[in-house]
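Chemist: Quick one: structure below, then a few questions.
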Amino acid sequence: MNTPILNRSERTVFALRRLYADRGYTLYRMSKFEEYDLYSRNKDFLVSDQVITFTDTTGRLLALKPDVTLSIIKNTVDTDAVERLCYHENVYRVSGGSNRFCEIMQTGVECIGDIDTALVGENLYLAAQCLGVISDEFVLNVSNLDILLSFVERATDSRTVQDALIDCVAHKNIHGIRAVCDQFGIEEPLCAPLCALVSLCGQYETVLPTLLTLCADVCIEQAQELADALAVFEGSGYADHIHIDFSVVSDRSYYNGIIFKGFVNTVPDSVLTGGQYDRLMQRMQRRSRAIGFAVYLDMLERLYDEPIPYDADVLVLYDEGVSADMLRARCDVLIASGKSVYTSKTVPLKRRFREVIRMKGEVNARG
Numbered sequence: 019m020n021t022p023i024l025n026r027s028e029r030t031v032f033a034l035r036r037l038y039a040d041r042g043y044t045l046y047r048m049s050k051f052e053e054y055d056l057y058s059r060n061k062d063f064l065v066s067d068q069v070i071t072f073t074d075t076t077g078r079l080l081a082l083k084p085d086v087t088l089s090i091i092k093n094t095v096d097t098d099a100v101e102r103l104c105y106h107e108n109v110y111r112v113s114g115g116s117n118r119f120c121e122i123m124q125t126g127v128e129c130i131g132d133i134d135t136a137l138v139g140e141n142l143y144l145a146a147q148c149l150g151v152i153s154d155e156f157v158l159n160v161s162n163l164d165i166l167l168s169f170v171e172r173a174t175d176s177r178t179v180q181d182a183l184i185d186c187v188a189h190k191n192i193h194g195i196r197a198v199c200d201q202f203g204i205e206e207p208l209c210a211p212l213c214a215l216v217s218l219c220g221q222y223e224t225v226l227p228t229l230l231t232l233c234a235d236v237c238i239e240q241a242q243e244l245a246d247a248l249a250v251f252e253g254s255g256y257a258d259h260i261h262i263d264f265s266v267v268s269d270r271s272y273y274n275g276i277i278f279k280g281f282v283n284t285v286p287d288s289v290l291t292g293g294q295y296d297r298l299m300q301r302m303q304r305r306s307r308a309i310g311f312a313v314y315l316d317m318l319e320r321l322y323d324e325p326i327p328y329d330a331d332v333l334v335l336y337d338e339g340v341s342a343d344m345l346r347a348r349c350d351v352l353i354a355s356g357k358s359v360y361t362s363k364t365v366p367l368k369r370r371f372r373e374v375i376r377m378k379g380e381v382n383a384r385g
């Protein structure tokens, strides 16, 4: 039996690429670096504001790419249709685990153009499919930033207080919400619905009726859009994995509408994040709408931290009397039988093999 050529993480990447291709996504390729100004103007959008920079031979300040979405927006044009792009790119950012700069493979999709509710649903469904490839035990948490902002902005006009409330929502801190409301004189009829919104968390089919009732006098249109998008999961087999959770928040300067995060068992942080980012498009002088998500493959390395059982199936130990053609012939036979082969005159240190074959001149002895 051959040792697998691809590890589990690599096999997952190819499975994700297959999903993208089946949905008609075109592969987007970018340079390793772009002008730093692109990232400096949108640091809040980046996972980390630490960017590796250098000056090229013409004096331009360039950056090793920390993000793919910004590059896609910069290098595409507005369209009345929908442009579907996927990517598999190395990005350079501070790793959450080591707190050092790392080269991380990131894969994902971006849809730019006339984004309607059906396409939002399609994007959510594709995200769930990706999580299903990664692990059988996953949850896709879905929120709607416009709904949350409707409740927060109704409670107060102060941007500072709104940000404080949103931070409490992100941490599911209902006591914190009430403390902020008490501090700034926000009355109970405005505080209580926000607390109720945060408390809504669970499988979407169970939560939706209560959410629609809660949003009836505030933002029923946005709540119905969320319900319509989540309808894509009816009868799909994924319904139990899809949860509504308003603690999923993103920077409102860039994001709007439906946002989501994907989690798999045993990994403490999200392995997939995505959502609608019309506001980012507007900030970059674009009129098209957009939605997309990214899968963080460095997280999968933690999930798939599996030891390689063997470096090769067979270790062939040979002495000085074994000629090159004899060694080649023996290896050809072994490889033709489906085995991987490692040849050496001495036993390699810190290597593991299923079996050892010794070749001594004209005589072979199995050991």
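First residue of the sequence shown? That's 19 in this note's numbering, and the numbers climb one at a time after it. Using N, Cα and C, we set each Cβ at its ideal position, and we do this for glycine too. Given the structure is predicted, the values throughout are model-derived calculations rather than measurements.
(1) Quick one: Cα of residue 384 to Cα of residue 140, how far?
(2) What does DSSP give as the partner residues of residue 256 in its beta bridges?
(3) Run through the DSSP bridge pairs and tell me what residue 51 is partnered with.
(4) From residue 382 to residue 30, what distance separates their C-alpha atoms?
(5) Does residue 87 come out as helix, strand or coil in the three-state DSSP assignment?
(6) Buried or exposed: which applies to residue 275, given that a residue is buried once 16 or more other Cβ atoms fall within 10 Å of its Cβ?
(7) Can you give the Cα-Cα distance for residue 61 and residue 352, rounded to whole angstroms?
(8) Counting only the same chain and skipping the five closest in sequence on each side, list residues whose C-beta sits under 6 Å from that of residue 372.
(9) DSSP three-state call for residue 383: helix, strand or coil?
(10) Taking C-alpha atoms, which residue in 238, 230, 226 lies nearest to residue 260?
(11) Looking only at its chain, what residues have a beta carbon closer than 7 Å to the beta carbon of residue 194, apart from the 5 residues adjacent to it on each side?
(12) Alpha helix (DSSP H) containing residue 143: first to last residue?
(13) So the beta strand (DSSP E) residue 330 belongs to, where does it begin and stop?
(14) Quick check: the region 216-223 against the region 254-272, are there 3 or more CB pairs under 8 Å?
(15) Can you list, in chain order, the stretches of the beta strand (DSSP E) that have 3 or more residues and sit fully within the region 278-309?
(16) Note the first and the last residue of the continuous beta strand (DSSP E) segment covering residue 103.
(17) Taking DSSP's pairing of strands, which residues face residue 312 in a bridge?
(18) What residue from 284, 307, 239 has the CA that sits closest to residue 272's CA?
(19) Within a Cβ cutoff of 6 Å, which residues of the same chain sit near residue 44, ignoring the five residues on either side of it in sequence?
(20) By alpha-carbon positions, which one of 286, 231, 376, 241 ends up nearest to residue 135?
(21) With H, G and I counted as helix, E and B as strand and the rest as coil, what does DSSP make of residue 361?
(22) Can you tell me whether DSSP reads residue 45 as helix, strand or coil?
(23) Select from 101, 64, 302, 293 the residue whose C-alpha is nearest the C-alpha of residue 161.
(24) Tell me which same chain residues have a C-beta within less than 7 Å of the C-beta of residue 167, skipping the five on either side of it?
(25) How close, in whole Å, do the beta carbons of residue 131 and residue 99 come, if the pair is a contact with beta carbons under 8 Å?
(26) Under 8 Å by Cβ, that's how I've got residue 247 and residue 157 pegged, so tell me the actual separation to the nearest angstrom.
(27) Classify residue 163: buried if its beta carbon has 16 or more other beta carbons within 10 angstroms, exposed otherwise.
(28) Hey, would you say residue 127 sits closer than 8 Å to residue 310, going by beta carbons?
(29) What residue range is occupied by the uninterrupted alpha helix (DSSP H) comprising residue 353?
Modeler: Working from what's here:
(1) Confidence at residue 384 is low in this model, with a pLDDT of 47, below 50, so the placement of that residue should be treated as unreliable; the coordinate-derived value is given next. Whole-angstrom Cα-Cα distance: 58 Å.
(2) DSSP output for residue 256 lists no bridge partner at all.
(3) 82
(4) Residue placement at residue 382 is flagged as unreliable, the pLDDT there being 48, under the threshold of 50; the coordinate-derived value follows with that caveat. Straight-line Cα distance between these residues: approximately 41 Å.
(5) helix
(6) buried
(7) 55 Å
(8) 328, 331
(9) Only weak support exists for where residue 383 lies, its pLDDT of 47 falling under 50; the value from the coordinates is given anyway. Three-state result, residue 383: strand.
(10) 226
(11) 186
(12) 135-152
(13) 330-336
(14) yes
(15) 290-294
(16) 100-112
(17) 126, 291
(18) 307
(19) 103
(20) 241
(21) strand
(22) strand
(23) 293
(24) 270
(25) 5 Å
(26) With 8 Å as the limit, residue 247 and residue 157 do not qualify as a contact, their Cβ atoms being about 17 Å apart.
(27) buried
(28) yes
(29) 342-354
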